[in-house]
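In our numbering, the protein residues as written are 1 to 251. Note that the Cβ used here is the ideal one computed from N, Cα and C, for glycine as well. Here the structure is laid out as structure tokens; the discussion comes afterwards.
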């Protein structure tokens, strides 16, 4: 089946393909969102950026048992009515591709969770139909219910997450050994802020205290992110505990 948007028809393959939410017709706004997501998923799959992400995940899987059983999205933001909508849809397209890739590598079903205080009912309905379970937090600076599901088998996907929640994550990581975090490139963030600013200090604290036992892999590539997106570069941080060695991350 396909969904029509502005007179065009786009093949649609994910759970929203039936155009319904819990037995009701999918609202027009969500149909448009579904088609926009599918376009970005196709663009991602054809991009050099997707090949770079896959290459890094394959490298990680070669020297570990790849123990991922769940993926947690933090800081995605509302997908509806935002001036950053395109960027957020791209984030979701990357997340869904990572989920598919991890599922193939692990050979098992991987749970999907999402948490953001900005989610509307429409966002939640859309994400639930994509297979997500929704978690709650009272504020964008608090870890909320996400803290209850973190474990040594949880991959965290967190581009554009607030620095305050990153600080909470890195404190928890000391005992949990979160295997993979795909999020902001803190090396790039450190260069973004003036050296003596409060923001620069926060970024440095997360790098030194939370990411020192993780290996940084910058994620870059042409064909998906536009110039305005590249002001927020991404990186993969991989736990080194599974290697049985103590190598300090190059951050």
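Closest Cα partner of residue i within the set the options
| i | options | result |
| --- | --- | --- |
| residue 228 | 88, 74 and 26 | 88 |
| residue 146 | 121, 126, 112 and 122 | 112 |
| residue 214 | 39, 222, 183 and 226 | 183 |
| residue 59 | 105, 209 and 185 | 105 |
Straight-line Cα distance separating residue j from residue i
| i | j | result |
| --- | --- | --- |
| residue 211 | residue 135 | 25 Å |
| residue 52 | residue 84 | 24 Å |
| residue 140 | residue 28 | 29 Å |
| residue 236 | residue 57 | 9 Å |
| residue 173 | residue 205 | 14 Å |
| residue 142 | residue 239 | 23 Å |
| residue 202 | residue 171 | 13 Å |
| residue 167 | residue 37 | 31 Å |
| residue 17 | residue 131 | For residue 17, the predicted model reports a pLDDT of 44, less than 50, meaning its position is unreliable; a value from the coordinates is still stated below. Straight-line Cα distance between these residues: approximately 13 Å. |
| residue 188 | residue 234 | 9 Å |
| residue 41 | residue 90 | 8 Å |
| residue 181 | residue 107 | 20 Å |
| residue 191 | residue 82 | 27 Å |
C-beta contact flag for residue i and residue j at 8 Å
| i | j | result |
| --- | --- | --- |
| residue 144 | residue 115 | yes |
| residue 71 | residue 128 | no |
| residue 74 | residue 158 | yes |
| residue 97 | residue 50 | yes |
| residue 47 | residue 185 | no |
Inter-residue CB distance, residue i and residue j (contact presumed, cutoff 8 Å)
| i | j | result |
| --- | --- | --- |
| residue 255 | residue 152 | Nothing about residue 255 can be read from this structure; the chain reaches only from 1 to 251. |
| residue 102 | residue 161 | Contact flag wrong, Cβ pair sits at about 19 Å. |
| residue 30 | residue 93 | Actually they do not touch by this definition, with Cβ atoms about 16 Å apart. |
| residue 43 | residue 224 | 6 Å |
Cβ of residue i within 8 Å of any chain C Cβ
| i | result |
| --- | --- |
| residue 140 | Among the chains in the structure shown there is no chain C, since it carries only a single protein chain. |
Those residues which DSSP pairs with residue i across a bridge
| i | result |
| --- | --- |
| residue 224 | In DSSP, residue 224 forms no bridge with anything. |
| residue 111 | 70 |
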